[in-house]
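Below is one structure; the comments refer to it alone.
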Amino acid sequence: MRYTRPGSIQNAVREAYGAVGGLENASIDLGIGVSTLSYGTERSDHRPGGIGVNYLDSLGRIEPSAAEPIARHFATLAGGVFQPVDLDGVTASDVYRIAKEFSDVLTKDAEAHSATSANPSDYTVKEASEQLVELDELIAVAVSFRAALREKTEVAR
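See the structure below:
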């Protein structure tokens with residue numbers, strides 16, 4: 000497979016192929032040739048637009064994990080982040096999980112601004128990295144909780 004620049008759409012396409020087990024599996028799933036898919040990761044004046052959004056949509060529908068690199072890529076371009084939602088074991092009464100994760104964020108913040116910190120007036124690199132982990136956990140729980148509540152409103156319609 001061709002080299003792709005990290006952060007490029009070509010790299011996102013390459014990662015989508017990886018999510019289904021590689022170029023050959025994606026080729027079989029989509030019913031098109033390996034060379035066509037490989038060609039799709041190349042930026043070309045002869046064929047502007049790459050592999051085409053329809054193939055990526057089909058691949059994501061066949062194997063949802065293949066859609067994640069594409070979603071992550073476009074979320075980044077839009078100035079956001081992509082947060083997968085895992086509803087395993089989540090209920091519409093899981094607000095306590097949000098409280099627990101928020102407590103972890105507050106704890107890290109207090110540690111970063113305590114006298115024991117190397118820089119109590121700001122986050123050190125290590126403290127910022129640790130806080131990002133806690134924030135990511137809080138976001139994941141909040142998004143899952145939101146999805147569980149949203150699912151309830153969809154059922155009620």
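The sequence shown begins at 0 in numbering that gives the first Met the number 0 and counts up one residue at a time.
Each residue gets a CB set at the ideal place from its N, CA and C atoms; glycine is no exception.
Treat the numbers as computed from the prediction; the structure is a model and nothing was measured.
Figure out for me which residue from the options has the closest Cα to the Cα of residue i.
{"i": "P68", "options": "N10, D87, E129", "result": "N10"}
{"i": "S57", "options": "H72, E153, L29", "result": "L29"}
{"i": "V170", "options": "V80, S37, S116, I61", "result": "Residue coverage of the chain in this structure runs from 0 to 156, which leaves residue 170 outside it and unanswerable."}
{"i": "K99", "options": "K151, L55, I138, R149", "result": "I138"}
{"i": "T106", "options": "E129, P63, G79, G21", "result": "E129"}
{"i": "R71", "options": "P5, E23, G21", "result": "P5"}
For residue i, I'd like the list of residues in its chain whose CB is within less than 7 Å of its CB, leaving aside the five on either flank, ordered along the chain.
{"i": "D121", "result": "none"}
{"i": "Y134", "result": "Correcting the residue identity first, residue 134 is Leu in this sequence and not Tyr. The answer, listed in chain order, is V104."}
{"i": "A65", "result": "A15, A18, V19, L58, G59"}
{"i": "A146", "result": "V84, L86"}
{"i": "V52", "result": "none"}
Helix, strand or coil for residue i per DSSP?
{"i": "T115", "result": "coil"}
{"i": "R4", "result": "coil"}
{"i": "Y38", "result": "helix"}
{"i": "Y16", "result": "helix"}
{"i": "S26", "result": "helix"}
{"i": "I31", "result": "coil"}
{"i": "T123", "result": "coil"}
9 Å is my cut-off, CB to CB: does residue i come that close to chain B?
{"i": "S120", "result": "In the structure shown, chain B does not exist; there is a single protein chain."}
Check whether the Cβ atoms of residue i and residue j lie closer than 9 Å to each other.
{"i": "V142", "j": "Q82", "result": "yes"}
{"i": "E233", "j": "E110", "result": "Given a span of 0 to 156 for the chain in the structure shown, any question on residue 233 remains unanswerable."}
Ignore the nearest five residues each way along the sequence and tell me which others in residue i's own chain have a CB closer than 6 Å to its CB.
{"i": "V89", "result": "S143, A147"}
Mind pulling the alpha helix (DSSP H) runs of 4 or more residues that sit fully within the region 48-105? Within the region 48-105, the complete alpha helix (DSSP H) runs of at least 4 residues fall at 52-61, 66-76.
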